[in-house]
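Presented below is the structure to which this report refers.
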Amino acid sequence: MNRDSNLYTFLFATIMVFVVATVLAFTSQSLKDLQSENVRKEKMQNILSTVGIIIDRDGAEELFNKYIEDQLAIQNDGSIDASVDVFNNVKLSLELKKNPEDQDFPLYVANIESEKYYIIPIRGNGLWNAIYGYISIKEDLNTIKGIVFDHIGETAGLGAEITQDWFIERFVDEKLFDINNNLVGIKVSKTNNDPNNTDKNDHEVDAISGATITGDGVTDMIKERLEHYIPYFNTLRSNQIALN
Amino acid sequence: MSNKNKALLSDPMDDNNPITVQVLGICSALAITVQLKAAIVMSISVMAVMAASNVIISLLRDLIPNRIRIIVQLVVVAAMVILVDQVLRAYAYDVSKELSIFIGLIITNCIVMGRLEAFALGNGVWRSFLDGIGNAAGYGWILILVAFFRELLGSGKLGGFQVIPDFVYEMGYVDNGLMLLSPMALITVGIIIWIQRSRNRKLIEQG
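Respectively, the protein sequence lines represent chains A and Y. Heads up: the first sequence begins at 144 in the working numbering, then just goes up one per residue. Heads up: the second sequence begins at 823 in the working numbering, then just goes up one per residue.
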């Protein structure tokens, strides 16, 4: 057949696309289990790192099962839906598209040497794409124990720096609520008068230069996500008072 | 192996190096040379992609319609890159996160398409394979060399392990943060080109 004819060109292109698509689909399917296993363990690693447990990916599952004693699907009114498999079936990217009444709000309860921590997944928008992470709160339901961020496509060297240790360490011990238990959140602030971050009650951390919009995204997602846990936290608080 | 075939491997290492002589693939050479490990994985990935796509194009060279040959090359390279990306995600997850979009950008690496167009379309399978390996190795060793100096001087580490002992830091030595930024990669490549040309007079342009 004439290699320069239209028919040959079309035929060649069609067959090529078909073959390439088959090969790629086959590879993707056969590696899928391994890949999602990596993602699953990374999620466990992230959750554990907010409570100060740094572990490699292979050891994550064991420690996760050891320390995380509860995985709850909180509803917007503060009740718990026990029928939901939070870790595997609640994806914040999908939840965020629903109305708050229809969302499940995941809450992981860690118990480490009889200290309780509440770990909340957070997700919001950075400059280019989604930013997300986990925030762990101490038993007083106010002080941050630890936080971890990740992002899909923030600018390397600027917005992408939110994942760095020096940034997330600024959040440790900061308070989320004011004295009257109103949610204030943490502001990633450019006018922060406390660059050394010694004042842990100012609800502010120092922003990253050149990453204003990513920083605002961090501020917004912490506040937006935490808001939905207030009814449940109020229940916990009154239980704590009752116990005392 | 004949001398001609040997030249396919040795030429790109020095006389016809893709980075320092042809000045191709500079973008990725700047971006992923902060750490030695990333540079090594990138080099291996590029080698796999180049060898495989060179072989495939060489096999198909009598079948590819001339009018759509660039598209065919692109599809082959893109498919190979996606394969590499998928494999890394399954077996080297941390590295694949670190390299993120740069694996995908192998597609746009001029060296790959350049060798397909210039060599694989006109040569046999074995020679194309060697050419792919040779050029990827020429690209890779410059990448690794740059990463070696950037990681050593920029963070005092090699492959993630600290090599500059603590007492040096106590005496007042400070890592050069500038080495971690892209401009210093360009300058490092420049110095390598300078050294190479002063040793290899053939490379100096006449006139």
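Positions of the beta carbon are idealized from the N, C-alpha and C atoms, including for glycine.
Worksheet item: At which residue ranges does the stretch 241-290 of chain A contain complete beta strand (DSSP E) runs of 3 or more residues, listed in the order of the chain?
Response: Here the runs fully enclosed are 248-255, 258-268, 273-280.
Worksheet item: For the alpha helix (DSSP H) that Y/E920 lies in, which residues bound it at each end?
Response: In the second sequence, counting from the first residue as 1, residue 920 of chain Y sits at position 98. Where Y/E920 is concerned, the enclosing alpha helix (DSSP H) stretches over 915-921.
Item to complete: Under 7 Å Cβ to Cβ from Y/F924, same chain only, skipping five residues before and after it: list those, please.
Response: Residue 924 of chain Y sits at position 102 when you count from the first residue of the second sequence. Setting aside the 5 residues that flank it on each side, Y/F924 is surrounded in the same chain by S850, A853, I854, M864, each with a C-beta closer than 7 Å to its C-beta; the list follows chain order.
Fill in: Backbone CA spacing between Y/Q908 and A/K209 [nearest angstrom]
Here residue 908 of chain Y refers to the residue found at position 86 when the second sequence is read from its first residue. Here residue 209 of chain A refers to the residue found at position 66 when the first sequence is read from its first residue. Rounded to whole angstroms, Y/Q908 and A/K209 show a C-alpha spacing of 32 Å.
Fill in: Beta-carbon contacts of Y/V934 that lie in its chain and below 7 Å, excluding the five residues immediately before and after
Locating residue 934 of chain Y in the second sequence gives position 112, where the first residue counts as 1. These residues qualify, in order along the chain: V871, M872, S875, V899, I928.
Discussion item. I believe Y/Y961 touches Y/V868 by the beta-carbon criterion, under 8 Å. Please report the beta-carbon distance rounded to the nearest angstrom.
Written reply: Residue numbering aside, residue 961 of chain Y sits at position 139 when the second sequence is read from its first letter. Residue numbering aside, residue 868 of chain Y sits at position 46 when the second sequence is read from its first letter. Yes, they are in contact, since the Cβ atoms of Y/Y961 and Y/V868 sit about 6 Å apart, within 8 Å.
Worksheet item: Is it true that the CB of A/I262 sits closer than 8 Å to the CB of A/I190?
Response: By one-based count along the first sequence, residue 190 of chain A stands at place 47. By one-based count along the first sequence, residue 262 of chain A stands at place 119. If you check the CB distance, A/I190 and A/I262 come in under 8 Å.
Worksheet item: How far does the alpha helix (DSSP H) with Y/I933 in it reach, from first residue to last?
Response: To locate residue 933 of chain Y, count along the second sequence from 1; it is residue 111. Per DSSP, Y/I933 is one residue of the alpha helix (DSSP H) stretching across 932-940.
Practice prompt. Indicate the three-state DSSP secondary structure (helix, strand or coil) for A/V392 in the structure shown.
Written response: In the structure as shown, chain A begins at 144 and stops at 387. Residue 392 of chain A is therefore absent and cannot be evaluated.
Practice prompt. Determine the DSSP secondary structure at A/Q188, reduced to helix, strand or coil.
Written response: Along the first sequence, read from residue 1 onward, the residue named residue 188 of chain A stands at position 45. Of the three classes helix, strand and coil, the one that applies to A/Q188 here is helix, per DSSP.
Fill in: Meets three-Cβ-pair contact criterion under 8 Å: the stretch 161-169 of chain A and the stretch 228-238 of chain A
Contact between the stretch 161-169 of chain A and the stretch 228-238 of chain A is not established, with fewer than three Cβ pairs separated by less than 8 Å.
Worksheet item: Taking the Cβ atom as the reference point for each residue, do A/E238 and A/E258 lie within a distance shorter than 8 Å?
Response: As a first step, residue 238 of chain A must be located in the first sequence, where it is residue number 95. As a first step, residue 258 of chain A must be located in the first sequence, where it is residue number 115. No.
Worksheet entry | Residues within the stretch 150-179 of chain A neighbouring chain Y, beta-carbon criterion of under 8 Å | Cβ contacts with chain Y come from Y151, T152, F155, A156, M159, V160, V163, V166, L167, T170, S171, L174, L177, Q178.
Worksheet entry | Cross-chain neighbours of Y/A912 in chain A, by beta carbon under 8 Å | Position 90 of the second sequence, counted from the start, is the residue given in the question as residue 912 of chain Y. Those are L174, L177, Q178, N181, listed as they occur along chain A.
Discussion item. Under DSSP, the beta strand (DSSP E) around Y/Q844 begins and ends at which residues?
Written reply: Along the second sequence, one-based indexing puts residue 844 of chain Y at 22. No beta strand (DSSP E) contains Y/Q844, which DSSP labels as neither H nor E.
Worksheet entry | Secondary structure of A/S222, DSSP reduced to three states | Locating residue 222 of chain A in the first sequence gives position 79, counting from the first residue. Residue state, collapsed to three classes: coil.
Item to complete: For Y/A969, decide whether its Cβ has a neighbour in chain A, counting only Cβ atoms nearer than 8 Å.
Response: Stepping through the second sequence from its first residue, residue 969 of chain Y is reached at position 147. Not one chain A Cβ lies under 8 Å of Y/A969.
Worksheet item: For the candidate residues Y/V856, Y/N838, Y/R937, Y/A912, whose alpha-carbon lies nearest to that of Y/L896?
Response: Working through the second sequence from its first residue, we reach residue 896 of chain Y at position 74. Residue Y/R937 holds the alpha-carbon nearest to the alpha-carbon of Y/L896 among Y/V856, Y/N838, Y/R937, Y/A912.
Worksheet item: Which residues in chain Y sit within 8 Å of A/D147, going by Cβ to Cβ distance?
Response: Residue numbering aside, residue 147 of chain A sits at position 4 when the first sequence is read from its first letter. Under the 8 Å cutoff, chain Y gives P887, N888, R889.
Worksheet item: In whole angstroms, what separates the C-alpha of Y/R949 from that of Y/M835?
Response: One-based indexing of the second sequence puts residue 949 of chain Y at position 127. One-based indexing of the second sequence puts residue 835 of chain Y at position 13. When only Cα atoms are considered, Y/R949 and Y/M835 end up about 16 Å apart.
Worksheet item: So is Y/P887 buried or exposed if we call it buried at 16+ other beta carbons inside 10 Å?
Response: Position 65 of the second sequence, counted from the first residue, corresponds to residue 887 of chain Y. Y/P887 should be labelled buried.
Discussion item. Would you call the stretch 1005-1018 of chain Y in contact with the stretch 880-894 of chain Y, where contact means no fewer than 3 C-beta pairs closer than 8 Å?
Written reply: The stretch 1005-1018 of chain Y, when compared against the stretch 880-894 of chain Y, does not touch it at the 8 Å Cβ threshold.
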